[in-house]
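Here the sequence shown is numbered in this note's numbering, starting from 488 and rising by one per residue.
Note that CB positions come from ideal geometry on N, CA and C, so glycine has one too.
Model, not experiment: these values are computed from the prediction.
What follows is a single structure, written as structure tokens, with notes after it.
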Amino acid sequence: MPDSLHLYGSPISTYYNKVKIALIELGLPFEEIEVLPGAGQWPDSGSPSGKIPFLRRGSEYVYESQAIVEYLEDIREDEAPSLFPSGPLQRARCRELILYLELYLDAPMRPIYQSVFWGKEMPEGLLERTLEDLKKGLRILLRRAGLNPWLCGGNFTHADSAAWVHLSTIQWALAIAGHKTFLQEQAPELAPYLQRLAERPSVARIEADRRETSRRFKAERAAAKGG
Ligand SMILES: N[C@@H](CCC(=O)N[C@@H](CS)C(=O)NCC(=O)O)C(=O)O
């Protein structure tokens, strides 16, 4: 019996949810251990970067979401279909799309997240610069995205889980920042795709867990303020 899998991080984290969708879709049983970024101390209980997620199997750890999902592919049962396309070129394209999402869409949004989600003051001009970066990132993604019906073609892949976690978080942050219609205006073709993703059971599950964790955090913060 192989050692069981433990996923460390938080259901409110995008990269954690990317890995969690992969675990669910690949049918791998796992246990979730709640850890916030920087809370654990490397090497005993945190990651080398202080970031989440990370994965433990027995006494071995894997860090970085993309390394983790590729590891999950390597250990999946033979009967579980891969979440990568079958041909080498299609697999390369799938990895390329994940990089576009992470480098050109998620990365520019990170400074904004500090303000909209964590209450830091928004530096002057940051929102406007980020919207320009986002326009570029969306153009890059859409030049190579299939969307018929999934990002890399006929099957749901790791690129789709990355697309959901990043695009849904971007949409949420933009709404808080007063730009609710930005994604729809810049990339109307994404709307039916995002709707398809939202209906996928693995995505519905991580979303329900994310909402529940957010609700709990809010209640804890309110209690701490009141007490
Ligand atoms: N490249 C990392 C990124 C992980 C990441 O940025 N995680 C966020 C939470 S979604 C985090 O831990 N942020 C805390 C920090 O940047 O210090 C991965 O793919 O695992």
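**Message:** Please tell me whether A554 has its Cβ less than 8 Å away from any Cβ of chain D.
**Reply:** In the structure shown, chain D does not exist; there is a single protein chain.
**Item:** Residues surrounding ligand 1 [beta-carbon distance to nearest heavy atom under 5 Å]
**Value:** S500, T501, Y502, P524, K538, I539, E551, S552
**Message:** Between the alpha carbons of H493 and F541, how many angstroms are there, rounded?
**Reply:** Residue mapping note: residue 493 aligns to position 6 of the sequence shown, counting from 1. Residue mapping note: residue 541 aligns to position 54 of the sequence shown, counting from 1. Cα to Cα, H493 sits roughly 8 Å from F541.
**Asked** What do you reckon, are the CB atoms on I599 and A674 nearer than 8 Å?
**Response** The residue you call residue 599 lines up with position 112 of the sequence shown. The residue you call residue 674 lines up with position 187 of the sequence shown. No, the pair does not count as a contact, with Cβ atoms beyond the cut-off.
**Request:** Would you list the residues sitting across from G640 in a DSSP beta bridge?
**Result:** On the sequence shown, residue 640 is found 153 positions in, with the first residue counted as 1. DSSP output for G640 lists W637 as bridge partner(s).
**Message:** Pull the bridge partners of I520 from the DSSP assignment, please.
**Reply:** Along the sequence shown, one-based indexing puts residue 520 at 33. DSSP lists Y495 as partners of I520.
**Item:** Alpha carbon of L614 to alpha carbon of E566, nearest angstrom
**Value:** Here the question's residue 614 lines up with position 127 in the sequence shown. Here the question's residue 566 lines up with position 79 in the sequence shown. Their Cα atoms are separated by approximately 46 Å.
**Message:** As an exercise, report each continuous alpha helix (DSSP H) stretch of at least 4 residues that is fully enclosed by the segment 533 to 607, in chain order.
**Reply:** 552 to 562, 575 to 587, 594 to 603
**Request:** Could you spell out where the alpha helix (DSSP H) holding T668 opens and where it closes?
**Result:** What you label residue 668 is simply residue 181 of the sequence shown in a count that begins at 1. No alpha helix (DSSP H) contains T668, which DSSP labels as neither H nor E.
**Request:** Please go through the same chain and pick out, in chain order, the residues whose beta-carbon is closer than 6 Å to the beta-carbon of I562, but skip the five residues on each side of it.
**Result:** Your numbering for residue 562 matches position 75 in the sequence shown. Closer than 6 Å at Cβ, skipping near neighbours: no residue.
**Prompt:** Do the CB positions of P498 and T644 come within less than 8 Å of each other?
**Reply:** Position 11 of the sequence shown, counted from the start, is the residue given in the question as residue 498. Position 157 of the sequence shown, counted from the start, is the residue given in the question as residue 644. Result no, Cβ atoms of P498 and T644 do not sit closer than 8 Å.
**Asked** Within 10 angstroms of its Cβ, does I663 collect 16 or more other Cβ (buried), or is it exposed?
**Response** The residue given as residue 663 occupies position 176 in the sequence shown. So I663 counts as exposed.
**Prompt:** Rounded to a whole number of angstroms, what is the C-alpha to C-alpha distance between E564 and E518?
**Reply:** Position 77 of the sequence shown, counting from 1, holds the residue named residue 564. Position 31 of the sequence shown, counting from 1, holds the residue named residue 518. Each residue's alpha carbon lies about 18 Å from the other.
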